[in-house]
């Protein structure tokens, strides 16, 4: 069933976008394939307008024509839905592991997902320590080349994300240090070899973080868990203990998402 007309200020609407979404919403479980005339009847637009919208959606990969001449949505719609559903499943599956890590070590525990050239905090459990360390709150982001979780993600997704990071401009930390591409690639290689990311004061003075990636069923890194806290608490041998627990925690969440080590 089509949704009711939006109630937000109409002057902010882009009419063509509204019409395109109405056309997509014309398809449903009962009728996943529709002829041009059926879309016209469901949406109430003229035949010419409806055809142009369908033609544009076909061009952009959201709609395809069947051998009979009908229209149907492509798997791109499923892929987009999977991103949303995956985020909710991820947060649910990670919550128990995050709670356990926070209880055991009393450090900030973060769940971070990649978003373009940045890592966005999806969830956070704060330490109970009287002095707070807050470098990243829920909904906020950091560049992928700094911080524990963002750096872990960049290391595993280097082939696809590093070119975009380099195109975005100078690679600088929050404290003003600038890295050249070769230095960053070396850092990413060390991160992969180590199995976790190590961030020492590259975001905030006196603050350190560790990051380990979470993988989905296909083996792709979709998020990262991170510890964050005062630098003094992240010195060896405790750092090794934190890293081992973080890697295991990320592996547990990965298995819950369907990932199997080969």
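In full-length UniProt numbering, the protein residues as written are 1 to 262.
C-beta atoms are modelled at their ideal positions from N, C-alpha and C, and glycine is treated no differently.
Contact check, residue i vs residue j, beta carbons under 8 Å
i: residue 53; j: residue 23; result: yes
i: residue 151; j: residue 199; result: yes
i: residue 234; j: residue 208; result: yes
i: residue 129; j: residue 106; result: yes
i: residue 257; j: residue 217; result: yes
i: residue 201; j: residue 175; result: yes
i: residue 221; j: residue 156; result: yes
i: residue 108; j: residue 137; result: no
i: residue 93; j: residue 253; result: yes
Rounded distance between the beta-carbons of residue j and residue i, thought under 8 Å
i: residue 160; j: residue 143; result: Wrong, their Cβ atoms sit about 16 Å apart, outside the cutoff.
i: residue 122; j: residue 113; result: 5 Å
Start and end residues, alpha helix (DSSP H) containing residue i
i: residue 241; result: 238-256
i: residue 181; result: 181-194
i: residue 51; result: 47-59
i: residue 18; result: 15-25
i: residue 39; result: 36-43
C-alpha distance - residue i paired with residue j, whole-angstrom precision
i: residue 153; j: residue 223; result: 7 Å
i: residue 249; j: residue 212; result: 9 Å
i: residue 192; j: residue 261; result: 16 Å
i: residue 73; j: residue 57; result: 9 Å
i: residue 214; j: residue 110; result: 12 Å
i: residue 172; j: residue 243; result: 25 Å
i: residue 14; j: residue 21; result: 11 Å
i: residue 3; j: residue 25; result: For residue 3, the predicted structure reports a pLDDT of 39, less than 50, and the residue's modelled location is therefore unreliable. The matter cannot be settled from this model.
i: residue 134; j: residue 36; result: 54 Å
i: residue 100; j: residue 169; result: 38 Å
i: residue 148; j: residue 246; result: 11 Å
i: residue 31; j: residue 61; result: 19 Å
i: residue 259; j: residue 89; result: 14 Å
i: residue 42; j: residue 70; result: 14 Å
i: residue 50; j: residue 39; result: 7 Å
i: residue 186; j: residue 241; result: 24 Å
i: residue 205; j: residue 139; result: 22 Å
i: residue 67; j: residue 103; result: 58 Å
i: residue 164; j: residue 146; result: 15 Å
i: residue 239; j: residue 188; result: 19 Å
i: residue 47; j: residue 177; result: 59 Å
i: residue 131; j: residue 227; result: 16 Å
i: residue 29; j: residue 59; result: 23 Å
i: residue 75; j: residue 237; result: 48 Å
i: residue 95; j: residue 45; result: 46 Å
First through last residue of the beta strand (DSSP E) which encompasses residue i
i: residue 148; result: Counting along the chain, residue 148 falls outside any beta strand (DSSP E), though it belongs to the alpha helix (DSSP H) covering 148-156.
i: residue 133; result: Residue 133 -> no beta strand (DSSP E), and no H or E assigned at all.
i: residue 63; result: 63-65
i: residue 112; result: 108-115
i: residue 216; result: Unbroken run through residue 216: none, as it is neither H nor E.
i: residue 175; result: Counting along the chain, residue 175 falls outside any beta strand (DSSP E), and DSSP gives it neither H nor E.
i: residue 234; result: Element bounds for residue 234: n/a, residue is neither H nor E.
i: residue 202; result: Where residue 202 is concerned, there is no enclosing beta strand (DSSP E), given that its DSSP letter is neither H nor E.
i: residue 28; result: Taken as a continuous stretch (DSSP letters only), residue 28 belongs to no beta strand (DSSP E), as it is neither H nor E.
i: residue 119; result: 118-125
i: residue 70; result: Here residue 70 belongs to no beta strand (DSSP E), and DSSP marks it neither H nor E.
Contact test: residue i Cβ vs the ligand ZN heavy atom, cutoff 7 Å
i: residue 226; result: With respect to the ligand ZN, the structure shown offers nothing to examine, as it has no ligands at all.
Worksheet item: Touch check for the region 173-192 and the region 106-125: three-plus C-beta pairs under 8 Å?
Response: no
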